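I have placed the structure first, in the form of structure tokens, so that the comments after it can refer back to it.
Chains as they are written, first to last, in our numbering: chain G, 13 to 265; chain H, 38 to 382; chain C, 161 to 448.
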């Protein structure tokens, strides 16, 4: 059994609009483990990401009850900027690159929050994805979608995180590019023992990347298991995911 | 403008309507009897509060309901005062005619000042009203120098149809009647379909536009209408003060009325009234304190003016931070509690 | 011709003062979205504090005033401004107006009402220049300091950690927070910078005219400078200030002194109607 890192217990979140997004969700991520959260649109996946990264209030959501802890330390109501210091970094939905800042400044933004003695060199990111180095002086908004996602991944890794929360990483990208980005992420995460919580609508792709996953539907965990277990699971699970047959769609991709 | 207070009175509540009538009757009785029972000093205070309400209420319609944050109201007052003075002195007309003329000028100027709202919003729109304030006050200064001389327009004692109304008590009644009229007009607007149009302006509601409410027309209409009311009040104010001079119409004066609607409650007519009374009473209260305990060695009470300024600022800050729905919000939650207790909950 | 050149020179000097205050407005508006109405009060109280220390000479007095008012700005952010983040235009404007009242009133209570004077920053009162023109030495110093402050701030925004975080927070506050920018902390820096710049302008103005809390009204031109330059441009605030100052002095020279303030407001209005993003601002959503 791995050492527990992130633990979400019985989390209940509601938005100011009245939407009750999560009803008692519990999720565990071990140190260095790759865990997926899959589910259809509106199942509450992104709400989990926001809660874990301290961004609930920025999106007018409140944690009603439940507990989020990192290595045993309660961080349920931490603001976003503290979460980074605890070793959790996000690759947010929509990539979250700052489009009117240069590629290099986007990367330096992460370093700005770290103590000077622990700051890695920006060149690390360029070594990982050379295209970023070639375009270091370009405004990030001018990069292609795939390059922006590389920037988001590289930026997250610069923070030397113990957990990366990747929200809809594959959205809007060609499968070939997703594979390229994920390979980079997987290699680095394995090297550094970084855990990854991957939140994805693209189930098949996600199950190939993670060790195990939770299936979310209407704000509750309806199934969980290793990737293989979920792939072999019956129609019920597949229906939650909006896929006709998991083992078959695997072949299609 | 964070607090969107719902204005539409709940339609299916006949008991509320009955209570409204009772409240209105009570209000009329209080207004009528007040100067007979209180000292002249407090009559003056009440006159000031009524006048403040007549200016704050239209501003609240513009800012609170339609979401058009404006610092132009002092300029509309001077436009009204000088139009009123001009027609009074030149054509020897009675006050009501002068007020109508001022309202017409106010409507026109309000329309012009409102035009930028079709292109700008937020901080940019606010800046345009700031610029309009200074440009209009400067135009008024030039007008003042050419028409009335350096000291401004000196108003004669108020007479309507040969009756002298310049006494403190009769001025009070004239102003109270005008304020009540403004209140009635605004209450009716808020209850009518126009009220809905204003909320649409605030929300920049695409759906409203689709339902046939022209947001642009509603915007210009509310700028024009509220400026007309403020300009008309400007004539009365000038008569009450006895003179009108541009030094009086400062940005701080404009801010005072914005403070009233903030303290009272944005988008609420009752809020305008409470805010007007409250802000009028602040200097009164501080002066009392200062007179009572100021003396020599009275510490900060020896600086009544500065103290007033500080308290005024703290009140504004406190309301924004702690009670953004204003005094009317306090009243509402209090009455809700009473109702709930009565219903045995 | 001499009149014209003199108006240009003095206008640039006064404009540099407006630019200093506008720089502070831009730093705050850009990063927090709050339109700060207390710039004038911060400036005036800076002038009053500097003049109160006048015996120390201009530079020491101005330095202490800058630090003190930077502290006022920081405290203002920590106490009343921080809860306002994300609440929109009206609350921010009203709280800074309230702050103006508190600062002006407190200044009267703490430092008294009497106007004070402050020595010139350098010994020579005026510089004689070619073509019979001259420029007040204080205005020349103001111009230099304002240009230096603008350049320094621009570099700080590019190079320093807080500058980077402020730039990120200006466009994507949630992303900035996600990557470790603590809004309470970085906006305190923004307010301190705004306070310090305003106080510097106040000290210079105090040495030009008189130190009295009523000089706050001078800073209204900073709004015009801010819009003319573009609300999110530091260099724009400086150049906008110069443009506004020159307009004002030209109007004063050729139309009469009472045209000075109104002419700046006309410039403000024209820019709002024709080019609301200003000379150097990013055209963004200013339309309804």
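In this text, a Cβ means the ideal position worked out from N, Cα and C, and glycines have one as well. On a predicted model such as this, the values are computed, not experimentally measured, just so you know.
The CB of residue 188 of chain C never comes closer than 9 Å to any CB in chain H; the least such distance is about 12 Å.
By the neighbour-count criterion, in which a residue is buried when 16 or more other Cβ atoms sit within 10 angstroms of its Cβ, residue 130 of chain G is exposed. The alpha-carbon of residue 110 of chain H is positioned some 7 Å away from that of residue 96 of chain H. Taking a C-beta distance under 7 Å as the contact criterion, residue 57 of chain G and residue 211 of chain G qualify as a contact pair. When the five nearest sequence neighbours on each side are left out, the beta carbons in the same chain lying within less than 7 Å of the beta carbon of residue 420 of chain C are those of 408, 411 and 412, in order along the chain.
Residue 91 of chain H is positioned such that its CB atom lies closer than 7 Å to that of residue 216 of chain H.
With contacts defined by Cβ atoms closer than 7 Å, residue 251 of chain H and residue 143 of chain H do not form a contacting pair. With distances taken between CA atoms, residue 164 of chain G lies nearest to G:122 out of G:122, G:220 and G:204. Each of H:277, H:286 and H:234 was checked against the Cα of residue 172 of chain H, and the nearest Cα belongs to H:286. Linking residue 341 of chain H to residue 324 of chain H through their CA atoms gives a straight-line distance of about 6 Å.
For residue 74 of chain G, none of the residues of chain C pass the 8 Å Cβ criterion, the least Cβ distance being about 15 Å.
Restricting attention to alpha helix (DSSP H) runs no shorter than 4 residues, the stretch 394–429 of chain C encloses them at 394–414, ordered along the chain.
By the 16-neighbour rule on beta-carbons within 10 angstroms, residue 274 of chain H is buried. Beta-carbon to beta-carbon, residue 62 of chain G and residue 73 of chain G are separated by about 7 Å, close enough to satisfy the 8 Å threshold. Looking at H:88, H:207 and H:116, the one whose alpha-carbon comes closest to that of residue 145 of chain H is H:116. 240, 243, 244, 247, 248, 249, 250, 251, 253 and 254: these are the residues of the stretch 231–254 of chain C whose beta carbon lies less than 8 Å from some beta carbon of chain H, given in chain order. Shortest Cα-Cα distance from residue 257 of chain C to any of C:188, C:168 and C:200 involves C:200.
Annotation for residue 268 of chain C: 373 place their beta carbon closer than 7 Å to its own, counting only its chain and skipping 5 residues before and after. Looking at the backbone, the Cα of residue 365 of chain H and that of residue 301 of chain H are separated by about 6 Å. The straight-line gap separating the alpha-carbon atoms of residue 279 of chain C and residue 203 of chain C is approximately 17 Å.
Using a Cβ-Cβ cut-off of 8 Å, residue 418 of chain C is close to 175 and 178 of chain H, given in chain order. DSSP places residue 282 of chain C in the coil class of the three-state scheme, outside both helix and strand. Within the same chain, Cβ atoms closer than 6 Å to the Cβ of residue 399 of chain C are found at 389, the five residues on either side in sequence being excluded. Among the residues facing chain G, residue 341 of chain C is included, as its CB has a counterpart in that chain under 7 Å away. Residues of the same chain with a CB within less than 6 Å of the CB of residue 187 of chain C, apart from the 5 flanking positions on each side, are 350, 353 and 354 in chain order. Taking 7 Å as the cut-off, the beta carbon of residue 327 of chain H is found no closer than this to the beta carbon of residue 192 of chain H. Residues of chain C whose Cβ lies closer than 7 Å to the Cβ of residue 164 of chain H are, in chain order, 383, 387, 428 and 432.
Residue 309 of chain H counts as buried, since no fewer than 16 other beta carbons sit within 10 angstroms of its beta carbon.
Taking all protein chains shown into account, residue 260 of chain H has 16 or more neighbouring C-beta atoms within 10 Å of its C-beta and is therefore buried. Taking 7 Å as the cut-off between beta carbons, the residues of the stretch 315–333 of chain C near chain G are 321, 324, 325, 327, 328, 331 and 332, in sequence order. In the structure shown, residue 297 of chain H falls within a helical segment according to DSSP collapsed to helix, strand and coil. Under a 10 Å Cβ-count criterion, residue 225 of chain H is classified as exposed, with fewer than 16 other Cβ atoms of the shown protein chains found around its own Cβ. Going by C-alpha positions, residue 401 of chain C is about 39 Å away from residue 146 of chain G. Annotation: residue 164 of chain C to residue 311 of chain C spans about 28 Å, alpha carbon to alpha carbon.
Annotation: the stretch 167–214 of chain G contains the following complete segments of the alpha helix (DSSP H) (minimum length 4 residues), in chain order: 187–204.
When rounded, the separation of the alpha-carbon atoms in residue 27 of chain G and residue 221 of chain C is 52 Å.
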